[in-house]
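Numbering (our numbering), first residue to last: 81 to 377.
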Amino acid sequence: NINGKLYSIGYGRPTGFAVDPVEKKPLSHFYPGTDILSFGTAGCNLGCKFCQNWTTSKSKYDELRSVEASPEDVIKIAKKYNTPSIAFTYNDPTIFGEYVIDISKLAREEGINSVMVTAGYIDKEARKDVYKYIDAANVDLKAFTEQFYHKITFSHLNDVLDTLYWLKHETDIWFEITTLLIPDENDSQEEIQQMCDWILENLGDQVPIHFTAFHPDFKMLDKTRTPTSTLNMARNIALKSGIKYVYVGNVHSLEGQTTYCPNCKEPLIIRDWHSVIDIKLKDGKCWKCDTKIAGRF
């Protein structure tokens, strides 16, 4: 607030760039095997006690070595490294929405995809503008109880659910969901089942879900790492519920990171960690039974 006028201090001040595989966002059904230019800024609109990017998201600009980069500069960097997509990530891009809008508009004009990696916690009015030129998103559905959201993230579950519903029913944006499973906080079978039931009823069975492993960090150093067995349990619940594409992350699992045809169960996109080993799609369909696979390919 400068003389009664609000300014975005994050505009044009990224805290660094990286070229990642798109699978690292994670996005498994959005141009698999391609690179994505990733960057964020400082700060966040949530207060997650388990934040795994807290050195960035909990910092102020005078505490970080940020660089100056106009929207045009970001596009030039993407072209320099020949990345077909740009990701707004590391901290929640909601807090640098004006920067997102200007970059994604230019990216659309240049044929470059724009991706939001976000908690989905955003005002409805701002949401329409921030997502106007966005092509894909990974939304963190951090848990499925208001108690968790209020106590651990200082936000609210229903606002995130509203964003997910809006993405599905009012936009053409491709999106996937990530849930970081934290021991004894959001990893019960009952909660995972309730989440899957809501997804099926409100979003359908084609939205990919990623269950990822927690490691002790920031203000949750007293918790243990998520056992692989918990991730597999969650994946099995989602698959048995009828969700077609379910993955595990932050652990090594060839089965849990491979895309299978929901009809004939043929492995179609084989991954080892974030590396794509083989893609067996034909015009976005299973090469074996011709079933259309949800996503952008």
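Using N, Cα and C, we set each Cβ at its ideal position, and we do this for glycine too.
State buried or exposed for residue i, treating a residue as buried only when at least 16 other CB atoms are found within 10 Å of its CB.
| i | result |
| --- | --- |
| Lys105 | buried |
| Asp358 | exposed |
| Ser88 | exposed |
| Ser184 | buried |
| Asp172 | buried |
| Tyr179 | buried |
| Glu265 | buried |
| Cys276 | buried |
| Leu334 | exposed |
| Val219 | buried |
| Glu148 | exposed |
| Glu226 | exposed |
Determine the DSSP secondary structure at residue i, reduced to helix, strand or coil.
| i | result |
| --- | --- |
| Val219 | strand |
| Ile349 | strand |
| Glu256 | strand |
| Ile373 | coil |
| Thr291 | The sequence shown places Phe at residue 291, not Thr. Strand, per DSSP. |
| Pro101 | strand |
| Phe224 | coil |
| Leu247 | helix |
| Val154 | helix |
| Tyr170 | coil |
| Tyr117 | The sequence given here places Leu at residue 117; Tyr does not occur at that position. Strand. |
Would you say residue i touches the ligand NAD, meaning its beta carbon is less than 7 Å from a heavy atom?
| i | result |
| --- | --- |
| Tyr325 | This structure does not include the ligand NAD; it has no bound ligands of any sort. |
My guess is that residue i and residue j are in contact by the Cβ rule of under 8 Å, so how many angstroms apart are they, rounded?
| i | j | result |
| --- | --- | --- |
| Arg376 | His109 | 7 Å |
| Val287 | Glu256 | 7 Å |
| Ser235 | Tyr201 | 5 Å |
| Asp115 | Thr163 | 5 Å |
| Lys248 | Leu283 | 5 Å |
| Thr371 | Pro347 | Not really, about 13 Å apart at Cβ, beyond 8 Å. |
| Ala199 | Lys222 | 7 Å |
When the cut-off is 8 Å and only beta carbons count, does residue i lie next to chain D?
| i | result |
| --- | --- |
| Leu319 | Here chain D cannot be found, since the structure has a single protein chain. |
I'd like to know whether the C-beta atoms of residue i and residue j end up nearer to each other than 8 Å.
| i | j | result |
| --- | --- | --- |
| Ser194 | Ile166 | yes |
| Thr233 | Gly127 | yes |
| Trp278 | Ala216 | no |
| Ile289 | Ile323 | yes |
| Tyr170 | Asn133 | yes |
| Gln274 | Phe228 | no |
| Leu186 | Pro151 | yes |
| Thr310 | Leu260 | no |
| Val356 | Glu103 | yes |
| Met196 | Phe168 | yes |
Quiz item: In chain order, which continuous runs of the alpha helix (DSSP H) of length 4 or greater are located wholly inside the stretch 172-217?
Solution: 177-189 and 204-210
Quiz prompt | Contained beta strand (DSSP E) runs [length at least 3] in the stretch 271-328, N- to C-terminal order | solution = 289-293
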